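Student:
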Amino acid sequence: MTSTYGLTARFNHISLLSEETPLVEHSSLGERLSGIRLFIKRDDIATVGGGGNKLRKLEFAVGKALEEGADTLVTFGALQSNHARLTAAVAAKLGMQCELVLSKRVPRSGILYENNGNVLLTKLFGANVHILSPDADPLEWCAHHLGVLRQQGRKPYVIPFGGSDCLGALGMAHCAFELIDQLKRQNAKADHVVVASGSGGTQAGLLAGLHAAGSDARVHGISVLHPAEKLCEIVSSIAKEACTAMGDKPFDASKVQVNDRYVGAGYGIPYDGVLDSIRMLAGTEGVLLDPVYTGKAFTGLRELAEQGAFAPGETVVFIHTGGLPGLFAYSDEFTSAEMVTASSSTESRAYA
Ligand SMILES: *Cc1c(COP(=O)(O)O)cnc(C)c1O
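Heads up: the sequence shown runs through residues 679 to 1030, numbered per the numbering used here.
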């Protein structure tokens, strides 16, 4: 069993994941990526809500909400937010009400983006969805709505954007502990960790966990949203808080490394390199990435490998943070020309 360094005993915590998410070695792909030893930590696999790293954060955030006697979870996101979808799923599982404040901040429309993927799943989980125009201030709107909910006798608990605060980071510190244990059992130790970084709590939590466990792995945060300088500040501040909360030695902010070369035109806007990474991993390993987070992060990993950022034989861990529903919201990016049309004779034979 994974040592949690007292985390789950000291903080209110609910269990949303199985004992461990799988850690899978991809030998031939690692060989092709400049001869690294490549592992993928499958945080996209779970029994609740379709899976994803936000479940890690929700283990601690919802633990706190329940401690405070809340009966309603409130959170924010973009229209195709994985965090909103998983908050809705957890609320459904626990019999809580869920209020989602979603902003139309990605310049995208159409039936797929507005109705499929995370939007579809969020509706299935029964959340109340409030869609704001891009210029509306979600925090201000939320403050007003909290008043309405309280008048209705509800006890709301607000989870920040992306679940990125100290509690959320503790969830990802837990992931780091698990990872170190799993590698140890395979006689390996991480030299590099590559992860998609958006609101920053995921990278911060991994850094805090690795720090607490005494690992010197370098964490490459691949930004999908902010410029490097801004994201560095956010990640450092959350990681510091998490280290303090764990009662650990002070966090060394010089360890924070953010790479913003893979954002492309902006959050939620994929580009050819991302689609190519998605096709490559699907077509060679049967592993599915998403167009908003993991597709960009894996594009970063591929290019870092090409540029010689990893020495041959080094152990590189890609944290698969989830996001699969996004693939369906963006399926129009993958042109129908790729589909092979079966001739009628093939068809009749196949179904004969
Ligand atoms: C939210 C999310 C991330 C990034 O996590 P942050 O804590 O917001 O930086 C990465 N991948 C997926 C699939 C996500 O949903």
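All residues carry an ideal CB built from backbone N, CA and C; glycine is no exception. Every value quoted in this text rests on a predicted model; they were computed, and no experiment measured them.
Mapping DSSP to helix, strand and coil, what is VAL872?
Tutor: In this structure, VAL872 counts as strand in the three-state DSSP scheme.
Student: I need the boundaries of the beta strand (DSSP E) containing ALA987, first residue and last residue.
Tutor: From DSSP, ALA987 is part of no beta strand (DSSP E); its letter is neither H nor E.
Student: Let me confirm a value: PRO905 is counted as buried when at least 16 other C-beta atoms fall within 10 Å, else exposed. Which label applies?
Tutor: With fewer than 16 other Cβ atoms within 10 Å, it is exposed.
Student: Are the CB atoms of THR750 and LEU778 nearer to each other than 8 Å?
Tutor: Contact flag unset, no.
Student: Within the continuous beta strand (DSSP E) that includes PHE717, where are the two ends?
Tutor: It spans 715 to 720 - the beta strand (DSSP E) in which PHE717 sits, taken as one unbroken run.
Student: Between which two residues does the beta strand (DSSP E) carrying ARG896 extend?
Tutor: Taken as a continuous stretch (DSSP letters only), the beta strand (DSSP E) holding ARG896 covers 896 to 901.
Student: Could you check the C-alpha separation between GLN775 and GLY951 for me, to the nearest Å?
Tutor: Distance between the alpha carbons of GLN775 and GLY951: 40 Å.
Student: For PRO834, which three-state DSSP category applies?
Tutor: PRO834 falls in the strand class under three-state DSSP.
Student: Could you tell me if TYR1029 is buried or exposed, where buried requires 16 or more neighbouring beta carbons within 10 angstroms of its beta carbon?
Tutor: At TYR1029 the pLDDT is 46, less than 50, meaning the model places this residue with poor confidence; the figure from the coordinates comes in the next sentence. By the 10 Å Cβ count, TYR1029 comes out exposed.
Student: From HIS761, VAL702, GLY684 and ASN690, pick the residue whose C-alpha is nearest to that of ARG863; which is it?
Tutor: Closest by alpha carbon: VAL702.
Student: Could you spell out the range, first to last residue, of the beta strand (DSSP E) harbouring GLU907?
Tutor: Per DSSP, GLU907 belongs to no beta strand (DSSP E); it is in the alpha helix (DSSP H), 906 to 923.
Student: Under three-state DSSP, which class holds ALA756?
Tutor: DSSP places ALA756 in strand when its eight states are reduced to three.
Student: Taking GLN860 as part of the beta strand (DSSP E), name the residues at either end of that continuous run.
Tutor: Unbroken run through GLN860 is the alpha helix (DSSP H), 844 to 863; no beta strand (DSSP E).
Student: Tell me whether ILE912 is buried or exposed, calling it buried when 16 or more other Cβ atoms sit within 10 Å of its Cβ.
Tutor: Burial call: buried.
Student: Hey, is the stretch 805 to 824 in contact with the stretch 702 to 716, meaning 3+ C-beta pairs nearer than 8 Å?
Tutor: No, they do not touch.
Student: Whole angstroms are fine: how far does the CA of VAL752 sit from the CA of LEU741?
Tutor: Looking at the sequence provided, one finds Gly at residue 741 rather than Leu. Distance between the alpha carbons of GLY741 and VAL752 is about 14 Å.
Student: Out of GLY1000, LEU711, PRO928 and VAL902, which has the shortest C-alpha to C-alpha gap to VAL941?
Tutor: Measuring from the Cα of VAL941, the nearest candidate turns out to be VAL902.
Student: Out of ILE858, SER875 and VAL934, which one is the CA nearest neighbour of GLY841?
Tutor: Checking every option, the nearest Cα to that of GLY841 belongs to SER875.
Student: Pull up the CB-CB distance for ALA1032 and MET924, whole angstroms please, since I reckon it's below 8 Å.
Tutor: The chain is shown only over 679 to 1030; residue 1032 falls outside these bounds and no answer can be derived.
Student: Just verifying my parser: in three-state terms, what is the DSSP assignment at PHE996?
Tutor: PHE996: strand per DSSP, three-state reduction.
Student: In angstroms, rounded to a whole number, what distance separates the CA positions of LEU757 and ARG734?
Tutor: Spanning the two alpha carbons is a distance of roughly 21 Å.
Student: Alpha carbon to alpha carbon, what distance is there between GLY986 and HIS898?
Tutor: Using only the alpha carbons, I get a separation of about 14 Å.
Student: Measuring from the CB of HIS761, is there a heavy atom of ligand 1 at a distance below 7 Å?
Tutor: HIS761 Cβ: within cutoff of ligand 1.
Student: Looking at the secondary structure, which residues open and close the alpha helix (DSSP H) in which HIS822 lies?
Tutor: Its alpha helix (DSSP H) spans residues 816 to 829.
Student: Using a Cβ-Cβ cut-off of 7 Å (strictly less than) and excluding sequence neighbours within five positions of GLY773, which residues of its own chain qualify?
Tutor: Counting only Cβ-Cβ distances below 7 Å, and skipping sequence neighbours, we find nothing.
Student: Among ARG715, SER693 and LEU884, which has the Cα closest to the Cα of PHE988?
Tutor: Residue ARG715 is the option with its Cα nearest to PHE988.
Student: Ignore the nearest five residues each way along the sequence and tell me which others in THR962's own chain have a CB closer than 7 Å to its CB.
Tutor: Once the five neighbours on either side are set aside, the close Cβ partners of THR962 are LEU707.
Student: Spatial neighbours of PHE738 within its chain, please: CB distance less than 8 Å, with the 5 preceding and 5 following residues excluded, ordered by chain position.
Tutor: Excluding positions up to five away in sequence, the list reads PHE689, ASN690, HIS691, LEU845, GLY846, LEU848 and GLY849.
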